[in-house]
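Presented below is the structure to which this report refers.
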Amino acid sequence: MRVAIIHNNEEKSQNVTAQLRELLKQNSGIEVVERDPELVITVGGDGTLLSAFHRYSHRLDSVRFLGVHTGHLGFYTDWRDYELQELVDGLCSDRDKSVSYPLLDVQLSYADGRKKHFLAMNESTIRRGSRTMVGDVYIKDELFETFRGDGLSISTPTGSTAYNKSVGGAVVHPSFNAIQLTEIASLNNRVFRTLGSPIIIGAEEWVEIRLRSDGHHLVTIDQLDLSDEKIASVSYKVAKERIHFASLRHMHFWHRVKDAFIRED
Ligand code: NAD
């Protein structure tokens, strides 16, 4: 098995990476590589796993991910730094088991006709800095509403516990092949009206935000920021690609949500 290790710059992550590399090397069936891995192990936090996803997003059909966290519990990082031996033993006995989750397909269209395509694992947001963002929200080519406010967030089910949750979105179980559109501080008064609640859009549908406001808009795709005055519209749908995680052991989704947000110990 060809395994790549991606870590953040913290000293603890570098130490854990060195230990993991040694343990992996002791197994003749495992080769630690940088190019064309079959498994990517990240050491750090959710941000480390997000950047590894973007680094290997062109090979999602042939790579699985696994996260070791060196700080507090992450959402994508199930393994603790003191469980490395168990992790390596699991890899040797259970080589192909995986679980997959939906991703967000993002297409930016520019006023000059250019198009750019991205995948997001958590979410994409559209904003206009301190100015009011105005955009027509189309669902499946039909005008749904005109949004005015700080912006919009479109998230995946696994991203629903990230930024989406902070702006009042629902937590969605990743077995739903869907995306969620959540408002960020909408203007709602006698003149301007939006639905005012998050909506869940299924895999057969798509959402397009046609920007009406002038000037620079900021579009985020997980950790990536794109700022341009020529962005005309952004389309979102459930991606045909999915992310695969090595599932050496199962952690119940709602248990993970409880662990991250409710449990006090
Ligand atoms: P980071 O790694 O420091 O992540 C920020 C926090 O978000 C961390 O506590 C991380 O554990 C948590 N997080 C990330 N993905 C998560 C998920 N799917 N479910 C639950 N928690 C999650 O910062 P980064 O490298 O910039 O990561 C970017 C992500 O951080 C964005 O995709 C966004 O979702 C999240 N974020 C959240 C807020 C917020 O909640 N107000 C603000 C900025 C960024």
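Following my numbering, the residues of the sequence shown are numbered contiguously, the last one being 261.
Don't be surprised by glycine CBs; every beta carbon is placed ideally from N, CA and C.
These numbers come from a predicted model, not from an experiment.
- For secondary structure counted as the alpha helix (DSSP H) over 4 or more consecutive residues, the segment 139 to 168 holds these complete runs in sequence order: 159 to 162.
- DSSP places leucine 100 in the strand class (E or B) of the three-state scheme.
- In this structure, the alpha-carbon of leucine 87 lies about 25 Å from that of glutamate 6.
- Between the alpha carbons of glycine 164 and threonine 178 lies a gap of roughly 7 Å.
- A distance below 6 Å between beta-carbons, with the five flanking residues on each side excluded, links leucine 222 to the following residues of its chain, in chain order: Val215.
- A straight-line Cα-Cα distance of about 14 Å links asparagine 160 and phenylalanine 257.
- Nearest in C-alpha terms to phenylalanine 241, of all of Arg76, Leu207, Tyr72, is Tyr72.
- The beta carbon of phenylalanine 172 sits closer than 6 Å to those of Pro153, all from its chain and outside the five residues before and after it, given in chain order.
- In terms of side-chain proximity, the C-beta atom of alanine 174 is found no nearer than 8 Å to any non-hydrogen atom of the ligand NAD.
- In the structure shown, the three-state DSSP call for tryptophan 75 is strand.
- Tyrosine 106 is a Cβ neighbour of lysine 226, given a cutoff of 9 Å.
- Excluding five sequence positions before and after valine 59, the CB atoms of its chain that fall closer than 8 Å to its own CB belong to Pro33, Glu34, Leu35, Val36, Tyr52, His240, given in chain order.
- The segment 61 to 72 and the segment 232 to 251 touch, with no fewer than 3 CB-CB distances between them shorter than 8 Å.
- Classified as buried, histidine 65 has 16 or more neighbouring CB atoms from the shown chains inside 10 Å of its CB.
- Between the alpha carbons of histidine 212 and leucine 45 lies a distance of about 29 Å.
- When distances are taken from the beta-carbon of phenylalanine 49 to the heavy atoms of the ligand NAD, even the shortest one reaches 8 Å or more.
- Shown here, arginine 124 sits in a strand according to DSSP, grouped into three states.
- Set against 8 Å, the gap from the CB of alanine 235 to the closest heavy atom of the ligand NAD is not smaller.
- Assignment of lysine 21 by DSSP, reduced to helix, strand and coil, places it in the helix class.
- Histidine 50 places its beta carbon less than 9 Å from that of leucine 220.
- With distances taken between CA atoms, lysine 93 lies nearest to Ser243 out of Ser243, His251, Trp250, Glu260.
- Here the alpha carbons of proline 170 and serine 209 stand approximately 34 Å from one another.
- Across the structure, arginine 110 and aspartate 224 are spaced so that their CA atoms are roughly 12 Å apart.
- The straight-line gap separating the alpha-carbon atoms of aspartate 255 and histidine 246 is approximately 14 Å.
- As DSSP reads the structure, glutamine 176 sits in a beta bridge with Ser151, Ile196.
- For lysine 161, the shortest C-beta to heavy atom distance toward the ligand NAD is below 8 Å.
- Per DSSP, glutamate 6 is not a residue of any alpha helix (DSSP H), being assigned neither H nor E.
- With contacts defined as CB atoms closer than 9 Å, aspartate 74 and alanine 158 fail to qualify as a contacting pair.
- Put simply, the backbone Cα of alanine 166 is about 10 Å away from that of glycine 155.
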